[in-house]
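Chains as they are written, first to last, in my numbering: chain A, 990 to 1103; chain B, 34 to 148. Ideal placement from N, C-alpha and C gives every residue a C-beta, glycine not left out. Given the structure is predicted, the values throughout are model-derived calculations rather than measurements. Here the structure comes first, spelled out in structure tokens, and everything after it is commentary.
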Amino acid sequence: KQEVTQIPAALSVPEGENLVLNCSFTDSAIYNLQWFRQDPGKGLTSLLLIQSSQREQTSGRLNASLDKSSGRSTLYIAASQPGDSATYLCAVVNYGGSQGNLIFGKGTKLSVKP
Amino acid sequence: GAVVSQHPSWVICKSGTSVKIECRSLDFQATTMFWYRQFPKQSLMLMATSNEGSKATYEQGVEKDKFLINHASLTLSTLTVTSAHPEDSSFYICSAETRRFNEQFFGPGTRLTVL
């Protein structure tokens, strides 16, 4: 059974710092991996999607990498800003199962202090 | 980008009543939509997969007679919580799947509080 773990559970950094959020998954047979952002009481915003054949994706100050063989992904946020404060969720879709069944980690709650 | 809306954004109801939540894909057609539930400080858990024109597929432990799903068109899926009880109070989020890489786009969520 696929399990997704995110470390750390919470992170507080000063504005301007570069940071890394970690995601690990137990079954490397994934179709893709997505990083999401969730603001309090809100739905999810998709940040980056990495196909299983890709190693990384970039969008603005965000860079996500994928090492499928080791079951790891990292989300790198450059020059963090207070507006980046949110919970970041990592989710995978397995091969072989329901193609749409996203399996989520519990998230990393990020606080960027001005 | 792909936009998904949900209505209502929040609802408060009395125990025993039924509540309907709508999920719409605004600028694309979605043959598949998903319904998730999120309890406080927990991650999202998939409740059911909704395919246009067919019966929904429910995850283990989710009562299909309690959570009625209808996917009547390529842009609309509804979730009806029947005879709601306080333990059904949660944040319900839908998503719609695009054909491109099976990427999912999420609605803003519906906060349900059952008194």
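Tell whether a beta-carbon distance below 9 Å holds between Ser123/B and Leu1091/A. To locate residue 123/B, count along the second sequence from 1; it is residue 90. To locate residue 1091/A, count along the first sequence from 1; it is residue 102. Not in contact: Ser123/B and Leu1091/A (Cβ atoms no closer than 9 Å).
Chain B partners of Ser1035/A, CB-CB under 8 Å? Taking the first sequence and counting its residues from 1, one reaches residue 1035/A at position 46. Correct list: Glu136, Gln137, Phe138, Phe139.
What is the DSSP secondary structure of Glu120/B, reduced to helix, strand or coil? Position 87 of the second sequence, counted from the first residue, corresponds to residue 120/B. In this structure, Glu120/B counts as helix in the three-state DSSP scheme.
Residues of its chain near Thr115/B, where Cβ-Cβ distance is below 8 Å and the 5 sequence neighbours each way are ignored: Counting from one through the second sequence, the residue named residue 115/B turns up at place 82. Cβ neighbours of Thr115/B beyond the five flanking positions: Ser51, Asp98, Lys99, Phe100, Leu101.
Listed from N- to C-terminal order along the chain, which residues in the region 1008-1029 of chain A have their beta-carbon within a distance smaller than 8 Å of any beta-carbon of chain B? Here the close residues are Tyr1020, Asn1021, Gln1023, Phe1025.
For Ser76/B, which residues in chain A fall below 8 Å Cβ to Cβ? Residue numbering aside, residue 76/B sits at position 43 when the second sequence is read from its first letter. Result: Leu1078, Phe1093, Gly1094, Lys1095, Gly1096.
beta-carbon Asp1028/A near the ligand GTP non-hydrogen atom, thresh 8 Å: Of the ligands one can find in the structure shown there are none, so the ligand GTP has no counterpart to examine.
DSSP on Asp1073/A, reduced to helix/strand/coil? Locating residue 1073/A in the first sequence gives position 84, counting from the first residue. Here Asp1073/A sits in helix by DSSP.
Cβ atoms of Leu59/B and Thr87/B: under 9 Å apart, would you say? Taking the first residue of the second sequence as 1, we reach residue 87/B at position 54. Taking the first residue of the second sequence as 1, we reach residue 59/B at position 26. First, the residue type needs correcting, since residue 87/B is Ser and not Thr in the sequence shown. Cβ atoms of Ser87/B and Leu59/B: not closer than 9 Å.
Nearest by alpha-carbon distance to Gln991/A: which of Asn1011/A, Ala1080/A, Ser1100/A, Thr1034/A is it? Position 2 of the first sequence, counting from 1, holds the residue named residue 991/A. Residue Ala1080/A is the option with its Cα nearest to Gln991/A.
Quick check on this structure: which residue in Ile996/A, Asn1011/A, Pro1029/A, Ser1041/A has the alpha carbon closest to the alpha carbon of Ser1058/A? Residue 1058/A sits at position 69 when you count from the first residue of the first sequence. Closest by alpha carbon: Ser1041/A.
Simplified DSSP state of Ala81/B, which is helix, strand or coil: Sequence index remark: in the second sequence, residue 81/B carries index 48 (1-based). The answer is strand: DSSP assigns Ala81/B an E or B state.
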